[in-house]
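Start counting the sequence shown at 360; every next residue gets the next number (our numbering). Quick reminder that beta carbons are idealized off the backbone N, C-alpha and C, glycines included. As the structure is a prediction and not an experimental result, all values here were calculated from the model. Here the structure comes first, spelled out in structure tokens, and everything after it is commentary.
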Amino acid sequence: MASPEGRAAVAGVKRPRTQSLPPPSLPQLVAEQHVPITPADKDSKRLIVVLSNASLETYKASHGGAGRNGIQREEKYSLLNSDEHIGIMRKMNRDISDARPDITHQCLLTLLDSPINKAGKLQIYIHTAKGVLIEVSPSVRIPRTFKRFAGLMVQLLHR
Numbered sequence: 360m361a362s363p364e365g366r367a368a369v370a371g372v373k374r375p376r377t378q379s380l381p382p383p384s385l386p387q388l389v390a391e392q393h394v395p396i397t398p399a400d401k402d403s404k405r406l407i408v409v410l411s412n413a414s415l416e417t418y419k420a421s422h423g424g425a426g427r428n429g430i431q432r433e434e435k436y437s438l439l440n441s442d443e444h445i446g447i448m449r450k451m452n453r454d455i456s457d458a459r460p461d462i463t464h465q466c467l468l469t470l471l472d473s474p475i476n477k478a479g480k481l482q483i484y485i486h487t488a489k490g491v492l493i494e495v496s497p498s499v500r501i502p503r504t505f506k507r508f509a510g511l512m513v514q515l516l517h518r
């Protein structure tokens, strides 16, 4: 270890300041189109992605029984998720791999951030295991956190 005198000598010497370089300009790979293509435009090429057998399923998290002071509680639903609801899945005698909405979430984030979507040439559909078909708008902003995504899907599935 250096002696206290040695540290004082090093501390008294000023180092020259470094200057930052400006960030490099990145090439624009895809012209961004903020208006999605219309379904009537049949001549343009586009990619249609169907997320089939997506595990987006809700279950009743709390019962609507009487709460405090006899006030009726509202029923709360949650998105069935194998990470959080393994006990419920076992009670229902279902495989835990049947409840993976996080896969759908990651797929949507990746697809919606893709250059082909930003160019307006992507259509996304979700077909759930229960038979619900959901069309995803190319301009929709999916929540980055899974918890917020789950809340959004519960609202959508209970409409």
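Who pairs with residue i in a beta bridge, going by DSSP?
i, result
"A420", "Paired residues: none, contrary to the question."
"V409", "Y484"
"E494", "Y484"
"S529", "The displayed coordinates of the chain run from 360 to 518. Any statement about residue 529 would go beyond what the structure contains."
Just checking my contact of residue i with residue j at CB under 8 angstroms: how many whole Å lie between their CB atoms?
i, j, result
"T463", "L406", "With 8 angstroms as the limit, T463 and L406 do not qualify as a contact, their Cβ atoms being about 18 angstroms apart."
"K489", "E416", "6 angstroms"
"P460", "S414", "6 angstroms"
"A420", "N440", "About 11 angstroms separates the two Cβ atoms, so there is no contact after all."
"I483", "L470", "6 angstroms"
"H517", "Y436", "6 angstroms"
"V372", "L481", "Not really, about 58 angstroms apart at Cβ, beyond 8 angstroms."
Would you call residue i buried or exposed, if buried means 16 or more other Cβ atoms sit within 10 Å of its Cβ?
i, result
"P375", "exposed"
"M448", "buried"
"L515", "exposed"
"M512", "buried"
"P474", "exposed"
"S496", "exposed"
"E443", "exposed"
"T487", "buried"
"N412", "exposed"
"L467", "buried"
"N452", "exposed"
"L492", "exposed"
"E494", "exposed"
"T377", "exposed"
"E434", "exposed"
Regarding residue i and the ligand GDP, is the C-beta to nearest heavy atom distance less than 7 angstroms?
i, result
"S411", "Within the structure as shown, the ligand GDP is missing, as the structure has no ligands at all."
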